[in-house]
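Visitor: Residue numbers (my numbering): 1 to 287.
Ideal Cβ placement from N, Cα and C applies to all residues, glycine included.
1) Which one of 77, 63, 184 and 236 has the shortest CA to CA distance from residue 95?
2) If contact is defined by three or more beta carbon pairs under 8 Å, each pair taking one atom from either stretch, is the segment 107-116 in contact with the segment 240-250?
3) Answer yes if the segment 212-229 comes into contact with the segment 134-154, meaning at least three C-beta pairs across the two stretches below 8 Å, and no otherwise.
4) Measuring alpha carbon to alpha carbon, tell me which of 176, 239, 55 and 253 ends up nearest residue 131.
5) With H, G and I counted as helix, E and B as strand and the rest as coil, what does DSSP make of residue 124?
6) With 16 as the cutoff for other CB atoms within 10 Å, does residue 161 come out buried or exposed?
7) Leaving out five residues before and five after residue 69 in sequence, what residues of the same chain have Cβ atoms less than 6 Å from its Cβ?
8) Straight-line CA distance for residue 167 to residue 255?
9) Go ahead and pull the three-state DSSP assignment for residue 163.
10) Which two residues bound the contiguous alpha helix (DSSP H) that contains residue 57?
11) What span of residues does the alpha helix (DSSP H) with residue 93 cover, start to end?
12) Taking the C-alpha atoms as reference points, what is the distance between residue 119 and residue 171?
13) Report the option in 106, 145, 183 and 239 whose CA atom is closest to the CA atom of residue 260.
14) Assuming residue 218 contacts residue 92 (C-beta within less than 8 Å), just tell me the rounded distance between them.
15) Please state whether the Cβ-Cβ distance between residue 243 and residue 216 is less than 7 Å.
16) In whole angstroms, what is the alpha-carbon distance linking residue 45 and residue 77?
17) Only counting the same chain, and skipping five residues up and downstream in sequence, which positions put a Cβ closer than 7 Å to that of residue 141?
18) State buried or exposed for residue 258, treating a residue as buried only when at least 16 other CB atoms are found within 10 Å of its CB.
19) Nearest by alpha-carbon distance to residue 191: which of 74, 214, 123 and 50 is it?
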């Protein structure tokens, strides 16, 4: 009988998008033009740039889930040596590292909830959503399978997510923390006024914080692929619906709320160049 580690032991996971808005819009436009000049409606999905994106999503999700879930498994296998704060740090760091590694290639979604949320806001083409989600699930499943092979023995530890309390409690927590994550992603990674270079750090820090306090409650998944991969490998599907519904609805809500408060897409320099404070400052400098 496989030993299943509790969600309270820190079965967490996440993914994120670091694509700058103008780059994403440019890529989307280019792919749309390619598709419209092809022989079939779906030919745009067979281009080399799109295939590169899919490979980046598979690899990025693989390393994300491998590192994060490895921290969970090692913690369970080695008498809590990693600790809950340690697991949180691993998740935050691996998100940040992978965002900076392939964010300029695929947008570094690594998360079906993020992909769907951007699509609902018209910041990502719907025709690419199925391929992205499939790539993310493949990456997560391969990583979970690798961990299964590495740690097969007396105890087969489950690196997935399980509710520590009631299903409703975990559902609400997953909604809130994914809302929070997607709100941050929308702010730092898609708004031209934000400091894009710090997006990976901001998103990784958000993941770390979410895992730190929500891990003992729901497992802090925030990512359907993160929960689905280990579930497929271990054939443990209890409460899986929570980690589909909560993160997706939370991410969509977070993206839309940020869009509501985003009153303009003009660069910050353009907004503030006529501001009285800046004028006063410039006068002081000239004097």
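Guide: By the coordinates alone:
1) Minimum Cα distance to residue 95 is reached at 63.
2) Judged by Cβ distances under 8 Å, the segment 240-250 makes contact with the segment 107-116, as three or more pairs qualify.
3) Contact between the segment 134-154 and the segment 212-229 is present, with at least three C-beta pairs closer than 8 Å.
4) Closest by C-alpha distance to residue 131, out of 176, 239, 55 and 253, is 55.
5) Here residue 124 sits in coil by DSSP.
6) Residue 161 comes out buried.
7) Apart from the 5 residues on each side of it in sequence, residue 69 sits with its Cβ closer than 6 Å to the Cβ of 147 and 159 in its chain, given in chain order.
8) Taking the straight line from one Cα to the other gives about 25 Å.
9) Looking at residue 163 - three-state DSSP - the assignment turns out to be coil, as it is neither helix nor strand.
10) Counting along the chain, the alpha helix (DSSP H) containing residue 57 begins and ends at 48-77.
11) Its alpha helix (DSSP H) spans residues 83-106.
12) For residue 119 and residue 171, the gap between their C-alpha atoms comes out near 23 Å.
13) For residue 260, the nearest C-alpha among the options comes from 183.
14) The Cβ separation is near 17 Å, so there is no contact.
15) Taking 7 Å as the Cβ cut-off, residue 243 and residue 216 do not qualify as a contacting pair.
16) So the two alpha carbons sit approximately 42 Å from each other.
17) Correct list, in chain order: 229, 232 and 233.
18) Buried.
19) Here the closest residue by C-alpha is 123.
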